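*Asks:*
2 protein chains.
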Amino acid sequence: MTEYREFYRDRRVAITGGLGFIGSNLAHQLVGLGARVLLIDSLIPEYGGNLFNIHGIEDRVRVNVADIRQQSTMNYLVQKQDVIFNLAGQVSHIDSMQDPYTDLEINCRSQLSLLEACRRNNPAVKVVFAGTRQVYGRPATLPVTEQHLVRPTDINGINKAAGENYHLVYNNVFGVRACSLRLTNVFGPRQLLKHNRQGFVAWFIRLALEDQEIQIYGDGRQIRDFVYVDDAADAFLRAGASDACNGEVFNVGGSEPIGHRDLVELMIGAAGSGRYRFVEWPLEKKAIDIGDFYADSSLINRTLGWTPRTTLRDGIERTLAYYRAHLSHYVPPIGPQVATR
Amino acid sequence: MTEYREFYRDRRVAITGGLGFIGSNLAHQLVGLGARVLLIDSLIPEYGGNLFNIHGIEDRVRVNVADIRQQSTMNYLVQKQDVIFNLAGQVSHIDSMQDPYTDLEINCRSQLSLLEACRRNNPAVKVVFAGTRQVYGRPATLPVTEQHLVRPTDINGINKAAGENYHLVYNNVFGVRACSLRLTNVFGPRQLLKHNRQGFVAWFIRLALEDQEIQIYGDGRQIRDFVYVDDAADAFLRAGASDACNGEVFNVGGSEPIGHRDLVELMIGAAGSGRYRFVEWPLEKKAIDIGDFYADSSLINRTLGWTPRTTLRDGIERTLAYYRAHLSHYVPPIGPQVATR
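Protein sequence lines, in the order shown, are assigned to chains A and B.
The first sequence begins at 61 in this note's numbering and counts up one residue at a time.
The second sequence begins at 61 in this note's numbering and counts up one residue at a time.
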């Protein structure tokens, strides 16, 4: 069943956060499928946008630097698009607790800007929102289905839940077709690893490659599930091409839940370098931690046929290979970074 | 068990939205209990703040006109307060769909302003937030418990859910004690009835008193539960005085679910004036309607001993008596209002 891939030939597709981690991997797939791709990215230095992420396809996509908080700009850019993959966001949980207003501006207000732009200027567009498992908070039951209560443990989770719900309301009330994919831990090539405030997998990959010490909090038994970025991108492609998912939310999780310690050992083994040590939880991280988490992704499987295809080991090996070849494009050229994770 | 009432003697208590409907009724009770009451209200003309609401206690409360979106002002006003009843909000569902940004500013950003002010300047304070049953959206099961999914049908419900969750996170992470009361339809004296965009009960009361026609959407079988404002205020008093509710949300609903038509007949009978007619649902209202709703309030009963004490009939009669005596203070003096509801 590859009809959803044929769907994209000559389609106009915009990606917010298009120079970021998942957005750029999605762009690579879309270019291969013959789509006409517009990448919208703010290139805010601390965030994940990186022009090297489109290395190899830079002549086959259009890049528009813009902040999606800017209503008038969005009013223009959404026009004539068939599908918008809406991935722009502030993704650091820790940052959201120190500066809740910026998280609010990006994860709430800017989602309204995008949706208002569509409502007024392109109501026929389809929007696929990048949601997050963070909205669930600490799981009451495992695996977590979409019926689990939304009780975020941090500001970022709250604002992402609001942004997601805006999409559902604009679908239901204004007819701007939209759905949300609640991603668990996505990993793979093109992820930011210049600092450690956005996802620990990339940071661990970097430390392993640099033969540094990885710090594992607590006893390392904490469980997560991981999705390789090509599989995550495949979920977006399926959702963008189907009306069966409109107005709904879907978990997009991995098939091999694993403890932190086992994950790190897998990484170090695959890298042939790096080491680890158990350390106490930093208080600020413990306070917003969600404990064990893994998702039940059967709803998106039933609705859109999606399932993760890349094993954790394969995904880690591909990721290591990518950064071995291109690490200099992801690590600042001058001076060491603070490696506290 | 009246210990929670004794608690307020000489306590410093602030109420945001303190000149509004529930806030002012709460102020009347607090003055009677010997509290030192500060009322914070923006007095934005379209909203519910009304200086007449404190008629009779104006010399025993302090009024500070301020917008809770103003961080520096809130930083000052929260200081030295023992309890803050946080009732300021934009409450119109229809307005939130036409102007989502203002709803975002008031129901999301301003809640962060208040909580940040407490975190930085008065972390020992207790905050009780006025939540809403609107966060649940269309009920999947009745009566609705706190375990029901949060799937709002409109922007107002989304933003109120975010505001509520901020309180829980500030409780859990920063130790600013807080809880939320999810109010169903509250009615009674001192509610805004100058326009029809905030709650239909007050609007119906006005039309009945003015011997006008009440328009009932659809077949009038739609069920709601109603809480008399003195009972709602009692829930706030109990929550403010107890640490058993910190970090939790509680339904505050009525004990007599009733269809719209039956409610209107009860009102008209009690008023001895008014009439009604069934009309088609306006599209903009149907799109965000939640269908039948009534809440299960057993959790707050178990935790804080609260239960509604005023019958629907008594509540309506007291409300009619209040507005009969004071209608001129709630209806603009010049020209008819658009009575479309």
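Note that the Cβ used here is the ideal one computed from N, Cα and C, for glycine as well.
Please read these numbers as outputs of a predicted model, since none were measured by experiment.
(1) If you measure between the beta carbons of F353 of chain A and I276 of chain A, is that distance less than 8 Å?
(2) Examine chain A for any beta-carbon lying closer than 8 Å to the beta-carbon of Y382 of chain B, and answer yes or no.
(3) Is the Cβ of Q282 of chain B closer than 8 Å to any Cβ of chain A?
(4) Kindly provide the ranges of any beta strand (DSSP E) runs that are 3 or more residues long and lie completely inside the stretch 312-390 of chain A, ordered along the chain.
(5) Check this for me: beta carbons of L147 of chain B and G80 of chain B, under 8 Å apart or not?
(6) Could you round the C-beta distance between L364 of chain B and S302 of chain B to whole angstroms and report it? I think they count as a contact, below 8 Å.
(7) Kindly indicate if chain B contains any beta-carbon less than 8 Å away from that of C178 of chain A.
(8) Please compile the residues from chain A whose C-beta is within a distance smaller than 8 Å of the C-beta of Q207 of chain B.
(9) Out of curiosity, what's the CA-to-CA distance linking I317 of chain A and T371 of chain A?
(10) For the beta strand (DSSP E) containing K220 of chain A, name the first residue and the last one.
(11) Quick one: which residues of the stretch 219-231 of chain A get their C-beta closer than 8 Å to a C-beta of chain B? List them in chain order.
(12) Which chain A residues sit within Cβ distance under 7 Å of I348 of chain B?
(13) Roughly how many angstroms lie between the CA atoms of V188 of chain B and S240 of chain B, to the nearest whole one?
(14) Considering L269 of chain A, what are the terminal residues of the alpha helix (DSSP H) in which it resides?
(15) Which of the three DSSP states, helix, strand or coil, is assigned to I75 of chain B?
(16) Any idea what DSSP makes of D291 of chain B, helix, strand or coil?
(17) Where in the stretch 62-111 of chain A do unbroken runs of the beta strand (DSSP E), each at least 3 residues long, occur, reported from the N-terminal end onward?
(18) Just the C-alpha distance for R198 of chain B and T213 of chain B, rounded to the nearest angstrom, thanks.
(19) Taking a Cβ distance cut-off of 8 Å, strictly less, list which residues of the stretch 157-189 of chain A are near chain B, in chain order.
(20) Nearest to V289 of chain B by alpha carbon, out of B:L387, B:P160 and B:S84?
(21) According to DSSP, is Q194 of chain A part of a helix, a strand, or is it coil?
(22) Under 8 Å, Cβ to Cβ, is there at least one residue of chain B near P212 of chain A?
(23) Given a cut-off of 8 Å on the beta-carbon distance, is the pair P68 of chain A and L98 of chain A in contact?
(24) Would you tell me roughly how many angstroms separate the C-alpha atoms of T205 of chain B and G319 of chain A, rounded to the nearest one?
(25) Quick one: is I128 of chain A near chain B, going by C-beta distance under 8 Å?
(26) Consult DSSP for N306 of chain B and reduce its assignment to one of helix, strand or coil.
(27) Label H115 of chain A either buried or exposed according to how many other C-beta atoms from any shown protein chain fall within 10 Å of its C-beta, with 16 as the threshold for buried.
(28) Return the CA-CA distance between V398 of chain B and P392 of chain B, expressed in angstroms with no decimal places.
(29) Given a cut-off of 8 Å, decide if R179 of chain A and F234 of chain A are closer than it, judged by their beta-carbon atoms.
(30) Which two residues bound the contiguous beta strand (DSSP E) that contains N146 of chain A?
(31) State the Cα-Cα distance for the pair D291 of chain A and V151 of chain B, rounded to the nearest angstrom.
(32) Sort B:N311, B:Y107 and B:D70 by Cα distance to D163 of chain B and report the nearest one.
(33) Output needed in chain order: residues of the stretch 261-292 of chain A with a Cβ under 8 Å from some Cβ in chain B.
(34) Hey, does I154 of chain A have any beta-carbon neighbour from chain B nearer than 8 Å?
(35) Taking only beta-carbon positions, decide if I215 of chain B is within less than 8 Å of chain A.
(36) Just to confirm, is the Cβ distance from Y136 of chain A to L175 of chain A under 8 Å?
*Replies:* Here's the rundown:
(1) no
(2) no
(3) no
(4) 335-339
(5) yes
(6) 6 Å
(7) no
(8) L209
(9) First, the amino acid is wrong: residue 317 of chain A is Pro here, not Ile. C-alpha separation (whole angstroms): 11 Å.
(10) That residue, K220 of chain A, is in no beta strand (DSSP E); its alpha helix (DSSP H) goes I215 to F234.
(11) N219, A221, A222, N225, Y226, L228 and V229
(12) Within 7 Å Cβ-Cβ: V233.
(13) Their backbone Cα atoms lie some 6 Å apart in a straight line.
(14) F260 to L269
(15) Looking at I75 of chain B - three-state DSSP - the assignment turns out to be strand.
(16) helix
(17) 72-76 and 96-101
(18) Rounded to whole angstroms, R198 of chain B to T213 of chain B spans 7 Å at the Cα level.
(19) Hits within the stretch, in order: M157, P160, Y161, L164, C168, R169, L172 and E176.
(20) Of the candidates B:L387, B:P160 and B:S84, the one whose C-alpha sits nearest the C-alpha of V289 of chain B is B:S84.
(21) helix
(22) Under the Cβ criterion of 8 Å, P212 of chain A is counted among the residues facing chain B.
(23) According to the sequence as given, residue 68 of chain A is Tyr; it is not Pro. It is not a contact, given that the beta carbons lie outside the stated cut-off.
(24) 34 Å
(25) It does not: the Cβ of I128 of chain A has no partner Cβ on chain B nearer than 8 Å.
(26) Under the three-state reduction of DSSP, N306 of chain B is assigned to coil, being neither helix nor strand.
(27) exposed
(28) Per-residue confidence for V398 of chain B stands at a pLDDT of 45, beneath the threshold of 50, marking its modelled position as unreliable; the derived number appears in the next sentence. Taking the Cα positions, V398 of chain B is about 12 Å away from P392 of chain B.
(29) Taking 8 Å as the Cβ cut-off, F234 of chain A and R179 of chain A qualify as a contacting pair.
(30) Unbroken beta strand (DSSP E) run through N146 of chain A: V143 to N146.
(31) Taking the straight line from one Cα to the other gives about 42 Å.
(32) B:Y107
(33) none
(34) no
(35) yes
(36) Cβ atoms of Y136 of chain A and L175 of chain A: not closer than 8 Å.
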